[in-house]
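Residues 0 to 225 in numbering that gives the first Met the number 0 are what the sequence shown lists, from first letter to last.
Even for Gly, the Cβ is constructed at its ideal location relative to N, Cα and C.
Keep in mind that this is a model prediction, so the values were computed, not measured.
To start, the structure under review is shown below, and the notes come after it.
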Amino acid sequence: MSTTQVSSDEAGRGATAGSVGTNLEVIVIPVSDVDRAKEFYSRLGWRLDADVTVSEHLRLIQFNPPGSGCSIQFGKNLTSAPPGSVRDSYLVVSDIASARDRLLAQGVEVSEVFHEKALGGRFDAAGADDRLSGPAPANQSYGSFAAFSDPDGNGWLLQEVTARLPGRVDPVATSFASVSDLAEALRRAAAAHGKHEQRIGHEDTDWPDWYAEYMVREQGGAELPT
């Protein structure tokens, strides 16, 4: 069995200015106790967008994670999937240590921050040999993880992304749709700028220009400044 790795640039070549946008909008997750799940996701600080009871047989709840363009739905009779069967849904953050600390402060059980010994270790159970303790070497973007689950066992995977791969953002379609979107972009720029100052060995007084260049390049899918 062969494996083909496709770069983000290659994956985006089929898209053109005239393409019809296809946005991942909602993921349905299966739960056994709707009110318990609602309390859990409220505790995370996710925005409650809907709680609609159509009848005694149908109820729909929708939450939106801060800064996310994709929401989750759960409720009564929304899916035939077994409760707790969703695994390893990614939640991308710019600072995994801070995100983990916030979850712990909200009473959520979260794994330690870990990185992979080999690709795929992120999907292994806690304590597996391919999960190595601590963040990725040199805090490599995309390389640090932490895991937690909701009361039914639906699994979430925090992944730290501080620098996007080229081509991951569409410069035509991308905009800051909310304050939290802009804040996350600023956090990514701040994290990258901190590493930039470490490399040059002194404070960069022109940081506003550096931030602006970083954010524009990130939106355009261009090579990021160092």
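- Its chain contains Ala188 as the residues whose beta carbon lies nearer than 6 Å to that of Tyr210, once the 5 sequence neighbours on both sides are disregarded; these appear in chain order.
- Here DSSP, grouped into helix, strand and coil, assigns Gly193 to helix.
- If only complete runs of 4 or more residues are kept, the segment 59-138 shows the alpha helix (DSSP H) at 95-104, in order along the chain.
- The straight-line gap separating the alpha-carbon atoms of Arg216 and Pro224 is approximately 8 Å.
- Inclusion of Glu108 and Phe147 in the CB contact set at 8 Å is warranted, their separation being smaller than that value.
- 8 Å or more divides the Cβ of Leu47 from the Cβ of Ser54.
- According to the DSSP secondary-structure assignment, Ile26 is paired through a beta bridge with Ile71.
- Distance from the Cα of Ser67 is smallest, within the candidate group Val92, Thr204, Ile199, for Val92.
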